[in-house]
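Number of protein chains: 2
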Amino acid sequence: MKFCSECGQTVTLKIPEGDNRPRHVCDHCHVIHYQNPKIVTGTLPVWGDQVLLCKRAIQPRHGLWTLPAGFMENGETMEQAAIRESVEEANANLRIQSLYTVISLPHINQVYVLYLAELKDLDFHPGVESLEVKLFDEQDIPWQQLAFRTIDFTLKRYFEDRKTSSFPIHTHAIEANNRQLDTDTSD
Amino acid sequence: MKFCSECGQTVTLKIPEGDNRPRHVCDHCHVIHYQNPKIVTGTLPVWGDQVLLCKRAIQPRHGLWTLPAGFMENGETMEQAAIRESVEEANANLRIQSLYTVISLPHINQVYVLYLAELKDLDFHPGVESLEVKLFDEQDIPWQQLAFRTIDFTLKRYFEDRKTSSFPIHTHAIEANNRQLDTDTSD
């Protein structure tokens, strides 16, 4: 941020009076521009023993597999956003069952919130952001071609929880690291 | 938003190509400025049979009671943010126990995420944003002087859940309404 979105003049990064972190403050109208984490929400769509994954048609991680998820928009509830993303990316008809994983990613200022969902039918197909949408049995999950560690975490918890048919909410934090996703997808 | 924060020129609210919602787009450098919901996070601090509330020293809802909570900051995990807010508003020493309520407020573009927490000691006192910090028994909760419906919802669930000593996560959405909080705090 270089300019004030209210008056168009320059901003300076400084700690406002009474605050304790640097903010972009307008040099002219003195508005403080706060920046906060964003919510990425979506679903883990289930059909019997299978889960639905989407092959990304966009960057980052073009060509890798993910769960349908994306940035929550203003004016939505989190469940509405999760369903909308599942429709946009997979044209999936689904019913949300329960909140499942809540994952903080402090190094990129995001919080992932993923819901368990039940597919209502097999009438899904790729949206513009997906190259392919497909159901996978556990043994066929492309663990080495998953797009994000949040997805790896969520799928691992799911297959583990399925052994006991108990799906508690998992809260987690993933920190920055330099590991290559294609050689190590563990948390 | 009236000006581009990247180049300082004017922005126009329009639907970018390939998108389906109006965004502020720079007339000069064509950057799209997305705006997304913010996370408000905090705790429900418990000491035996009592819960800790803070009397607000700031607007909005100056003088009304709330749980320690505030906007999550960049670079934090959600749990870190919840603990920081509890320290800032109540100087409370606490241990987070579990995620408790997740409440979407689509009309104001917020998601509340509140954690159950256990106070470690009674060494709390008001921070600059609180007039008073106090433990309450259930029968003394100032239901008619609570600052926000999210707080009312969370406290009601807590006292209900306490009857069975089971504290599942509650997800909820609160829509806009015109009811006066001082005459009706129900959801």
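Going down the list, the protein sequences come from chains F and G. Heads up: the first sequence is residues 1 to 187, going by the working numbering. Heads up: the second sequence is residues 1001 to 1187, going by the working numbering. Here a beta-carbon is modelled for each residue, glycine too, at the ideal position from N, C-alpha and C.
Asked                                                                                                                                                                         : Found
Is residue 1055 of chain G buried or exposed, if buried means 16 or more other CB atoms sit within 10 Å of its CB?                                                            : buried
Along the chain, where does the beta strand (DSSP E) containing residue 998 of chain G start, and where does it finish?                                                       : Since the displayed chain G opens at 1001 and closes at 1187, residue 998 of chain G lies outside it and no answer follows.
Do residue 91 of chain F and residue 124 of chain F have their CB atoms nearer than 8 Å?                                                                                      : yes
So with Cβ pairs under 8 Å, would you call residue 7 of chain F a contact of chain G?                                                                                         : yes
Cα separation between residue 1032 of chain G and residue 1025 of chain G?                                                                                                    : 5 Å
Does residue 102 of chain F have its Cβ less than 8 Å from a Cβ in chain G?                                                                                                   : yes
So if I threshold CB-CB distances at 7 Å, which residues from the segment 1064–1078 of chain G count as touching chain F?                                                     : 1071, 1072, 1073, 1074, 1075, 1076, 1077 and 1078
The beta strand (DSSP E) with residue 96 of chain F in it runs from where to where?                                                                                           : 94–105
Compute the Euclidean distance between the alpha carbons of residue 1069 of chain G and residue 1114 of chain G, then round it to the nearest angstrom.                       : 8 Å
By alpha-carbon positions, which one of F:106, F:45 and F:22 ends up nearest to residue 159 of chain F?                                                                       : F:45
To the nearest angstrom, how far is the alpha carbon of residue 84 of chain F from that of residue 1043 of chain G?                                                           : 30 Å
When you check each C-beta in the segment 19–31 of chain F against every C-beta of chain G, which residues fall closer than 7 Å?                                              : 21
Is residue 148 of chain F close to chain G, meaning its C-beta is less than 8 Å from at least one C-beta of that chain?                                                       : no
Find out if the Cβ-Cβ distance for the pair residue 1011 of chain G, residue 1027 of chain G is shorter than 8 Å.                                                             : yes
Taking just the CA atoms, how far does residue 1140 of chain G sit from residue 108 of chain F?                                                                               : 42 Å
If I'm right that residue 111 of chain F touches residue 171 of chain F with Cβ under 8 Å, what's the distance once you round it to whole angstroms?                          : About 10 Å; that fails the 8 Å criterion.
Short of 8 Å in beta carbon distance, which residues of its chain neighbour residue 120 of chain F, apart from the five on each side in sequence? Order them along the chain. : 93, 94 and 95
Using 8 Å as the Cβ pair cut-off and three pairs as the minimum, do the segment 1125–1134 of chain G and the segment 1147–1159 of chain G touch?                              : no
Using C-beta distances below 7 Å, list every residue in its chain close to residue 1151 of chain G, excluding the 5 sequence neighbours before and after it, in chain order.  : 1066 and 1067
Run down chain G in chain order and give the residues with a C-beta less than 7 Å from the C-beta of residue 4 of chain F.                                                    : 1003
Under a Cβ-count criterion, where at least 16 other Cβ atoms within 10 Å of its own Cβ denotes burial, should residue 1021 of chain G be classed as buried or exposed?        : exposed
Counting contacts by CB-CB distance shorter than 8 Å, is residue 12 of chain F in contact with chain G?                                                                       : no
What distance in whole Å lies between the Cβ atoms of residue 1008 of chain G and residue 3 of chain F, which are believed to be in contact at a cut-off of 8 Å?              : 4 Å
Could you spell out where the alpha helix (DSSP H) holding residue 1080 of chain G opens and where it closes?                                                                 : 1078–1090
So is residue 111 of chain F in contact with chain G if we call contact Cβ pairs under 8 Å?                                                                                   : yes
To which residues of the same chain is residue 138 of chain F closer than 6 Å at the C-beta, ignoring the five residues directly before and after it?                         : 159
Helix, strand or coil: how does DSSP classify residue 1155 of chain G here?                                                                                                   : helix
Measuring only between beta-carbons, confirm whether residue 177 of chain F sits less than 8 Å from chain G.                                                                  : no
Determine the extent of the beta strand (DSSP E) in which residue 1117 of chain G is found, giving its start and end residues.                                                : 1110–1119
Can you round the beta-carbon distance between residue 1167 of chain G and residue 1100 of chain G to whole angstroms, since I take them to be within the 8 Å contact cut?    : 6 Å
Does the CB of residue 190 of chain F have a neighbour CB from chain G at under 8 Å?                                                                                          : With chain F represented from 1 up to 187, any question about residue 190 of chain F goes unanswered, as that position is not in the structure.
Could you tell me the distance, in whole angstroms, from the CA atom of residue 61 of chain F to the CA atom of residue 117 of chain F?                                       : 24 Å
Just curious, the beta strand (DSSP E) that residue 1050 of chain G is in, first and last residue?                                                                            : 1050–1056
For residue 91 of chain F, would you say it is in contact with chain G, using Cβ-to-Cβ distances shorter than 8 Å as the test?                                                : no
Quick check on residue 1138 of chain G: does DSSP put it in helix, strand or coil?                                                                                            : helix
Using the rule of at least 16 other Cβ atoms within 10 Å of the residue's Cβ for burial, across every protein chain shown, is residue 1164 of chain G buried or exposed?      : exposed
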